[in-house]
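In what follows, a single structure is set out as structure tokens and then discussed.
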DNA sequence: TCAATAGTGTCTGTTAGACATTATGGA
DNA sequence: TCCATAATGTCTAACAGACACTATTGA
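Chains as they are written, first to last, in this note's numbering: chain H, 9 to 217; chain E, 9 to 217.
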């Protein structure tokens with residue numbers, strides 16, 4: 009009989025960079041995981057993510073990995089979940105948990121490395137299909153923060169004027185009416201994610217590979 | 009202890025439309041499934057798909073579904089796989105298997121309906137990220153066939169000139185040198201999928217939602 | 001010759017990206 | 001005043017889609 013774990017790779021923006029949540033396991037670090045013995049999968053994954061990362065903005069299955077690679081629980085199968093945490097909620101993690109840089113994921117055991125990789129790839133792949141970048145931010149954010157979240161997920165710089173034009177064309181955000189002063193420079197207006205109005209008819213077939 | 013199945017939703021082009029592979033189970037129809045008791049997941053899924061659908065061009069995990077919905081095996085968990093079958097290989101399926109129209113998937117039990125839906129959504133979502141449309145075709149194909157495969161997956165018409173321009177810009181296909189006469193009309197040149205040369209730097213951030 | 005399909009050239013409106021400029025705060 | 005950041009306007013090259021046209025076969 010197979011033993012099954014749920015493993016979650018949670019990401020948040022820390023110190024202007026992407027970070028992944030790990031927990032201490034003796035002398036090592038691991039991704040949060042829990043045994044699964046049946047029942048509602050989504051709820052079990054949500055519970056695991058919430059206990060480890062606090063408020064979770066987004067959660068999705070990212071893959072399944074077998075005993076080809078070693079795992080902290082030696083489970084015969086592990087379901088990988090990707091989670092995104094708003095950075096204002098990322099401070100309150102349990103004592104034995106910590107946000108670590110992406111480079112640190114090579115400290116994980118092989119299966120959890122692959123889980124973290126798959127989770128990151130899933131999130132990156134979905135940036136332009138679903139509002140995942142928003143899930144790294146609080147409900148109200150500046151356009152500079154939103155752009156930076158996209159840049160961190162995409163791994164490349166984004167053109168400011170084009171970014172804002174696209175946001176405007178898609179009617180994706182709406183101003184809250186509030187402004188935020190951050191050090192020096194002109195204050196930035198705060199925005200929130202707007203409700204979907206109409207989905208734009210997609211342009212032509214693209215070959216992004 | 010949870011019982012686990014692998015379920016595969018295999019798609020192919022039949023009669024100029026997308027079809028999904030089902031097998032007879034008594035008086036009902038079901039998606040091909042098999043119990044899984046550990047071992048290499050990808051290999052087990054590939055074996056299941058191959059036994060049901062013959063040559064399989066593409067296979068990918070599409071989701072995981074729990075006992076919230078009924079399943080032919082009453083498994084507590086089912087891993088959904090999406091498979092694509094080239095239409096020239098789709099004739100040789102076992103006697104108790106048949107290619108059925110997409111509309112027939114509401115004859116499946118609820119969990120397998122969701123599996124088929126998730127598999128179809130996955131394939132559609134990946135059309136512009138990976139050469140999945142090619143996996144519905146033989147190694148050599150006409151551009152009209154390739155365009156039709158994209159149209160079936162995307163569920164909408166595609167502009168011929170733009171489609172070919174994009175193919176050309178991406179250097180995605182190369183002519184085999186052979187031509188095919190099909191009834192009346194000018195013969196069509198045959199193409200094959202070209203090896204990736206350079207991945208074009210993706211354009212700006214797009215919000216396709 | 002006609003019908004049918006393959007394949008291409010041209011035009012136009014839209015958009016991405018470069019660049020510059022204005023706006024508004026703190027030091 | 002100077003500097004840093006926000007926000008926007010203008011220009012251009014690239015591209016998507018419409019349309020028409022040529023090319024090549026079978027009936």
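Here a beta-carbon is modelled for each residue, glycine too, at the ideal position from N, C-alpha and C. Computed from a predicted model, the values in this text were never measured in an experiment.
- Query: By the criterion of Cβ-Cβ separation under 8 Å, what are the contact partners of residue 212/H in chain E?
  - Reply: Taking the first residue of the first chain as position 1, residue 212/H is located at position 204. Within 8 Å Cβ-Cβ: 166, 167, 170, 171 and 174.
- 7 Å CB neighbourhood of residue 118/H in its chain, flanking five on each side removed: Looking up residue 118/H in the first chain gives position 110. The residues 77 and 78, in chain order, have a CB closer than 7 Å to that of residue 118/H in the same chain once the five nearest residues on each side in sequence are set aside.
- Query: How about residue 130/E: is its C-beta nearer than 7 Å to some C-beta of chain H?
  - Reply: Counted from its first residue, the second chain places residue 130/E at position 122. Not an interface residue.
- Message: Is the beta carbon of residue 13/H closer than 7 Å to that of residue 86/H?
- Response: Here residue 86/H refers to the residue found at position 78 of the first chain. Here residue 13/H refers to the residue found at position 5 of the first chain. Taking 7 Å as the cut-off, the beta carbon of residue 86/H is found closer than this to the beta carbon of residue 13/H.
- Task: Report the residue from 70/H, 15/H and 200/H whose alpha carbon sits nearest the alpha carbon of residue 39/H.
- Result: The residue given as residue 39/H occupies position 31 in the first chain. Nearest C-alpha to residue 39/H: 15/H.
- Message: Comparing C-alpha positions only, which one of 115/E, 120/E, 168/E and 216/E sits nearest to residue 82/E?
- Response: Along the second chain, one-based indexing puts residue 82/E at 74. Distances from the alpha-carbon of residue 82/E to those of 115/E, 120/E, 168/E and 216/E put 120/E closest.
- Item | Beta-bridge pairing of residue 109/E - partner residues as DSSP gives them | One-based indexing of the second chain puts residue 109/E at position 101. Looking at the DSSP output, residue 109/E sits in a beta bridge with 27/E.
- Anyone know if the C-beta pair for residue 92/E and residue 61/E falls short of 7 Å? Counted from its first residue, the second chain places residue 92/E at position 84. Counted from its first residue, the second chain places residue 61/E at position 53. In terms of Cβ geometry, residue 92/E and residue 61/E do not form a close pair [threshold 7 Å].
- Near residue 42/E, which residues of its chain fall below 6 Å by C-beta distance, leaving aside the five closest residues on each side in sequence? Residue 42/E sits at position 34 when you count from the first residue of the second chain. Correct list, in chain order: 14 and 56.
- Is the shortest distance between the beta-carbon of residue 68/H and the beta-carbons of chain E less than 7 Å? Along the first chain, read from residue 1 onward, the residue named residue 68/H stands at position 60. Closer than 7 Å: no.
- Task: Would you identify the three-state DSSP class for residue 85/E, choosing helix, strand or coil?
- Result: Taking the second chain and counting its residues from 1, one reaches residue 85/E at position 77. Looking at residue 85/E - three-state DSSP - the assignment turns out to be strand.
- Query: Can you list, in chain order, the residues of its chain whose CB lies under 6 Å from that of residue 160/H, leaving out five sequence neighbours each side?
  - Reply: Here residue 160/H refers to the residue found at position 152 when the first chain is read from its first residue. These residues qualify, in order along the chain: 26.
- Task: Check the Cβ-Cβ distances between residue 137/H and every residue of chain E, and say whether any is below 7 Å.
- Result: Taking the first residue of the first chain as 1, we reach residue 137/H at position 129. Output row for residue 137/H: interface = yes.
- Item | Distance, residue 139/H Cα to residue 176/H Cα | Stepping through the first chain from its first residue, residue 176/H is reached at position 168. Stepping through the first chain from its first residue, residue 139/H is reached at position 131. Straight across, the Cα-Cα distance linking residue 176/H with residue 139/H is about 15 Å.
- Return the residues of the stretch 179-201 of chain H that lie within a Cβ-Cβ distance of less than 8 Å from chain E, sorted by chain order. Close to chain E, meaning a Cβ-Cβ distance shorter than 8 Å, are the following residues of the stretch 179-201 of chain H: 180.
- Item | Per-residue contacts from residue 48/H into chain E (C-beta, under 7 Å) | To locate residue 48/H, count along the first chain from 1; it is residue 40. Near residue 48/H (Cβ distances below 7 Å), the residues of chain E are 74 and 76.
- Message: I'd like to know whether the C-beta of residue 10/E is nearer than 7 Å to at least one C-beta of chain H.
- Response: Your numbering for residue 10/E matches position 2 in the second chain. Closer than 7 Å: yes.
- Decide if residue 153/H is buried, meaning its Cβ has at least 16 other Cβ atoms within 10 Å, or exposed. What you label residue 153/H is simply residue 145 of the first chain in a count that begins at 1. The residue in question, residue 153/H, is buried, as its Cβ has 16 or more Cβ neighbours within 10 Å.
- Excluding the five sequence neighbours on either side, which residues of its own chain have a C-beta within less than 7 Å of the C-beta of residue 157/E, listed in chain order? Position 149 of the second chain holds residue 157/E. Non-local beta-carbon contacts of residue 157/E in its own chain, meaning distances under 7 Å to residues more than five positions away in sequence, involve 21, 141, 144 and 145 in chain order.
- Count the other C-beta atoms from every protein chain shown that fall within 10 angstroms of the C-beta of residue 84/H, then say buried if there are 16 or more, exposed otherwise. Locating residue 84/H in the first chain gives position 76, counting from the first residue. The residue is buried, with at least 16 neighbouring Cβ atoms inside 10 Å.
- Answer with buried or exposed for residue 80/H, where buried requires no fewer than 16 other C-beta atoms within 10 angstroms of its C-beta. Along the first chain, one-based indexing puts residue 80/H at 72. Burial call: buried.
- C-alpha distance - residue 73/E paired with residue 186/H, whole-angstrom precision: Sequence index remark: in the second chain, residue 73/E carries index 65 (1-based). Sequence index remark: in the first chain, residue 186/H carries index 178 (1-based). Straight across, the Cα-Cα distance linking residue 73/E with residue 186/H is about 43 Å.
- Item | Rounded straight-line distance, which links the Cα of residue 172/H to that of residue 166/H | The residue labelled residue 166/H in the question sits at position 158 within the first chain. The residue labelled residue 172/H in the question sits at position 164 within the first chain. Rounded to the nearest angstrom, the two C-alpha atoms are 10 Å apart.
- Task: Find out if the Cβ-Cβ distance for the pair residue 200/H, residue 148/H is shorter than 7 Å.
- Result: Here residue 200/H refers to the residue found at position 192 of the first chain. Here residue 148/H refers to the residue found at position 140 of the first chain. A distance below 7 Å separates the beta carbons of residue 200/H and residue 148/H.
- Reduced DSSP category for residue 77/H - H, G, I as helix; E, B as strand; rest coil: For the purposes of this step, residue 77/H is taken as the residue at position 69 of the first chain. In the structure shown, residue 77/H sits in coil (DSSP, three-state: anything other than H, G, I, E or B).
- Anticipated Cβ contact below 8 Å, residue 169/E with residue 205/E, distance rounded: To locate residue 169/E, count along the second chain from 1; it is residue 161. To locate residue 205/E, count along the second chain from 1; it is residue 197. Incorrect: roughly 23 Å between the Cβ atoms, too far for contact.
- Item | Enclosing alpha helix (DSSP H) for residue 128/E [first to last residue] | Locating residue 128/E in the second chain gives position 120, where the first residue counts as 1. Residues 118-134.
- Assumed close pair residue 106/H, residue 90/H - CB separation to whole angstroms, cut-off 8 Å: Counting from one through the first chain, the residue named residue 106/H turns up at place 98. Counting from one through the first chain, the residue named residue 90/H turns up at place 82. Going by Cβ atoms, the distance from residue 106/H to residue 90/H rounds to 19 Å, so no, they are not a contact pair.
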